[in-house]
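Colleague: When you line the sequence shown up against this note's numbering, it's residues 140 to 430, in that order.
The beta-carbon is built from N, C-alpha and C at its ideal position, and this holds for glycine as well.
The structure's right below; bear with me while I get my questions together.
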Amino acid sequence: MTHPTETSENSVTSENPEAPENPAAPTNPATPESPEAPAQKKDRRVLRAVLRWTAAVLVLAAAGAGSAYGVIASDRGDLPGLATESDGRWEYPRIERPPLPEGAPAPFAEGNLREEHFADLRALVLPAPKGAIADRKLTGHDGWLDTDRYLAEYDKEHRRELAEALRDGGLRHVAARGWTMPDGTRTRVYLLRFNSGAFARDYRRNLTSNGALPAGVERVDPDHELRNNTTAVRFTYLRVFGEQRPYGKERVRFAYIDAGDVMALVVQSDDGHTPAVPFHQTVALQNQLLG
């Protein structure tokens with residue numbers, strides 16, 4: 140027979156009004172030494188309260204663990220305030236080296252003593268990034284640029300001497316591409332192909348030794364940041380410069396890349412506020428295309 144004061148665990152505890160005033164004492168009353176004494180009503184209330192609080196704490200802990208997992212498992216850019224800011228680099232299309240004619244060696248392959256690029260020179264010019272406006276003056280005729288347009292990058296006092304060096308050095312072709320970004324930054328890329336790698340290197344040494352600078356530039360410094368952080372592709376040579384203050388109408392950065400029979404000139408002009416990242420990016424990509 141069930142004791143009238145016993146209840147199920149999930150019910151609310153209350154006294155039964157029909158219970159006798161003097162219920163019979165248990166046949167085996169517990170002594171102080173017996174740990175199995177039945178719990179009193181007050182103890183049961185305390186126990187159920189503890190159980191409720193424990194359940195609540197477990198629910199909160201589970202919710203907190205779920206939130207923590209969500210933060211850990213999410214990509215950094217998916218969380219507000221944690222997205223990485225752009226460092227200023229441009230979005231270039233997928234860049235691939237053009238195919239070589241069947242049986243033609245790579246420019247630095249064993250046996251290619253002249254270090255010739257047999258791929259189409261026009262396809263070796265870096266493409267413009269997303270959002271750029273093409274410079275039609277550098278399109279040339281059928282993709283080949285007139286030598287005078289290339290020489291116009293330099294001060295007038297050096298152009299005649301450079302033109303003679305190009306004739307003596309066996310210049311074969313000039314290919315180029317230029318563009319302007321929405322912020323006004325202008326970039327020009329010129330590829331000059333000579334009869335051999337030796338002629339291309341001689342011409343570049345002539346450029347750096349006679350003091351020829353881009354038009355409007357008076358003083359330059361080596362760009363140590365790029366040289367320290369970017370290694371030239373194997374078998375190529377990289378020289379990078381930045382205009383010293385005070386700037387003229389524009390600030391100019393430029394680079395020379397020696398790559399076998401091809402010498403590249405990369406020039407970038409801006410109002411002085413463009414970070415160095417897109418220039419470094421452009422130079423590195425053009426170097427990789429030629430390497």
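Using a threshold of 7 Å, state whether the C-beta atoms of D362 and G381 are closer than that.
Modeller: As a first step, residue 362 is located in the sequence shown; it is residue number 223 there, counting from the start. As a first step, residue 381 is located in the sequence shown; it is residue number 242 there, counting from the start. A contact, by the Cβ cut-off of 7 Å.
Colleague: Buried or exposed: where does H419 fall if 16 or more other Cβ atoms within 10 Å of its Cβ makes it buried?
Modeller: As a position in the sequence shown, residue 419 is number 280, starting the count at 1. Looking at its Cβ environment, which holds 16 or more other Cβ atoms inside 10 Å, H419 is buried.
Colleague: Cα separation between L331 and D226?
Modeller: Position 192 of the sequence shown holds residue 331. Position 87 of the sequence shown holds residue 226. When rounded, the distance between both Cα atoms is 31 Å.
Colleague: Measure the C-alpha to C-alpha separation of A258 and P385 and round it to an integer number of angstroms.
Modeller: Here residue 258 corresponds to residue number 119 of the sequence shown, with the count starting at 1. Here residue 385 corresponds to residue number 246 of the sequence shown, with the count starting at 1. Going from the Cα of A258 to the Cα of P385 covers about 41 Å.
Colleague: Can the beta-carbon of P244 be found closer than 7 Å to that of E292?
Modeller: In the sequence shown, residue 244 corresponds to position 105, counting from 1. In the sequence shown, residue 292 corresponds to position 153, counting from 1. No, the Cβ-Cβ distance between P244 and E292 is not below 7 Å.
Colleague: Only counting the same chain, and skipping five residues up and downstream in sequence, which positions put a Cβ closer than 8 Å to that of A273?
Modeller: Numbered from its first residue, the sequence shown carries residue 273 at position 134. Excluding residues within five positions, the ones whose Cβ falls inside 8 Å are A267, R316, G317 and W318.
Colleague: Pull up the CB-CB distance for A314 and L284, whole angstroms please, since I reckon it's below 8 Å.
Modeller: On the sequence shown, residue 314 is found 175 positions in, with the first residue counted as 1. On the sequence shown, residue 284 is found 145 positions in, with the first residue counted as 1. The pair is a contact, with the Cβ atoms about 6 Å apart (cut-off 8 Å).
Colleague: Taking R327 and L277 to be in contact with their CB atoms under 8 Å, please state how far apart those CB atoms are, rounded to whole angstroms.
Modeller: Residue mapping note: residue 327 aligns to position 188 of the sequence shown, counting from 1. Residue mapping note: residue 277 aligns to position 138 of the sequence shown, counting from 1. R327 to L277, Cβ: 6 Å. Contact.
Colleague: For A394, I'd like the list of residues in its chain whose CB is within less than 6 Å of its CB, leaving aside the five on either flank, ordered along the chain.
Modeller: For the purposes of this step, residue 394 is taken as the residue at position 255 of the sequence shown. Closer than 6 Å at the Cβ level, and outside the excluded window around A394, lie V379, V405 and V422.
Colleague: Counting only the same chain and skipping the five closest in sequence on each side, list residues whose C-beta sits under 6 Å from that of R392.
Modeller: As a position in the sequence shown, residue 392 is number 253, starting the count at 1. G381, Q407 and F418.
Colleague: When you compare the CB positions of G242 and R261, do they come within less than 7 Å of one another, or not?
Modeller: On the sequence shown, residue 242 is found 103 positions in, with the first residue counted as 1. On the sequence shown, residue 261 is found 122 positions in, with the first residue counted as 1. In this structure, R261 does not lie closer than 7 Å to G242 by Cβ.
Colleague: Output the boundary residues of the alpha helix (DSSP H) element that contains G336.
Modeller: As a first step, residue 336 is located in the sequence shown; it is residue number 197 there, counting from the start. For G336, the enclosing alpha helix (DSSP H) starts and ends at G336 to S348.
Colleague: Mapping DSSP to helix, strand and coil, what is A371?
Modeller: By one-based count along the sequence shown, residue 371 stands at place 232. In this structure, A371 counts as coil in the three-state DSSP scheme.
Colleague: Count the other CB atoms within 10 Å of the CB of A339; is the residue buried (16 or more) or exposed (fewer)?
Modeller: Along the sequence shown, one-based indexing puts residue 339 at 200. A339 is buried by the Cβ-count criterion.
Colleague: Counting C-beta neighbours from all protein chains within 10 Å, is the total for A426 16 or more, i.e. buried, or is it exposed?
Modeller: One-based indexing of the sequence shown puts residue 426 at position 287. The sequence shown places Asn at residue 426, rather than the Ala named in the question. Classification of N426: buried, given that the 10 Å Cβ count is 16 or more.
Colleague: Please report the straight-line C-alpha distance between G387 and G399, rounded to a whole angstrom.
Modeller: Here residue 387 corresponds to residue number 248 of the sequence shown, with the count starting at 1. Here residue 399 corresponds to residue number 260 of the sequence shown, with the count starting at 1. Between G387 and G399, the C-alpha separation is close to 34 Å.
Colleague: Pull the bridge partners of H280 from the DSSP assignment, please.
Modeller: For this step, residue 280 is matched to residue 141 along the sequence shown. For H280, DSSP records a beta bridge to W283.
Colleague: Run through DSSP, which three-state label would N426 get?
Modeller: Here residue 426 corresponds to residue number 287 of the sequence shown, with the count starting at 1. Helix.
Colleague: Among P237, A415, H412 and A403, which one has its Cα closest to the Cα of Y289?
Modeller: Translated into the one-based positions of the sequence shown, residue 289 becomes position 150. Closest option to Y289, judged by alpha-carbon separation, among P237, A415, H412 and A403: A403.
Colleague: Could you tell me which of P414, G430, L429 and L310 sits nearest to W229, measuring between CA atoms?
Modeller: As a working mapping, residue 229 is identified with position 90 in the sequence shown. Of P414, G430, L429 and L310, the residue nearest in Cα terms is P414.
Colleague: Taking the alpha carbon of D138 as the reference point, which residue from L428, D409, Y231 and G430 has its own alpha carbon closest?
Modeller: Here the chain comprises residues numbered 140 to 430, so residue 138 is not present and cannot be evaluated.
Colleague: Just checking my contact of T375 with G336 at CB under 8 Å: how many whole Å lie between their CB atoms?
Modeller: Residue mapping note: residue 375 aligns to position 236 of the sequence shown, counting from 1. Residue mapping note: residue 336 aligns to position 197 of the sequence shown, counting from 1. No, T375 and G336 are not in contact; Cβ-Cβ is about 10 Å, not under 8 Å.
Colleague: How about F333 and G350: are their beta carbons less than 7 Å apart?
Modeller: Looking up residue 333 in the sequence shown gives position 194. Looking up residue 350 in the sequence shown gives position 211. Taking 7 Å as the Cβ cut-off, F333 and G350 do not qualify as a contacting pair.
Colleague: Using a 10 Å radius around the Cβ and a threshold of 16 neighbouring Cβ atoms, would you call P237 buried or exposed?
Modeller: To locate residue 237, count along the sequence shown from 1; it is residue 98. Classification for P237: exposed.
Colleague: Just the Cα atoms here: how many angstroms apart are V372 and L428?
Modeller: Along the sequence shown, one-based indexing puts residue 372 at 233. Along the sequence shown, one-based indexing puts residue 428 at 289. Straight-line spacing of the CA atoms in V372 and L428 works out to 9 Å.
Colleague: Please list the terminal residues of the continuous alpha helix (DSSP H) segment that includes D307.
Modeller: If you number the sequence shown from 1, residue 307 lands on position 168. From DSSP, the alpha helix (DSSP H) with D307 extends over K295 to D307.
Colleague: In or out: L252 buried (at least 16 other Cβ within 10 Å) or exposed?
Modeller: Here residue 252 refers to the residue found at position 113 when the sequence shown is read from its first residue. Flag for L252 reads exposed.
Colleague: Express the C-alpha separation of K295 and G411 in angstroms, rounding to a whole number.
Modeller: Position 272 of the sequence shown, counted from the start, is the residue given in the question as residue 411. Position 156 of the sequence shown, counted from the start, is the residue given in the question as residue 295. Whole-angstrom Cα-Cα distance: 24 Å.
Colleague: Go ahead and pull the three-state DSSP assignment for P417.
Modeller: Your numbering for residue 417 matches position 278 in the sequence shown. In this structure, P417 counts as helix in the three-state DSSP scheme.
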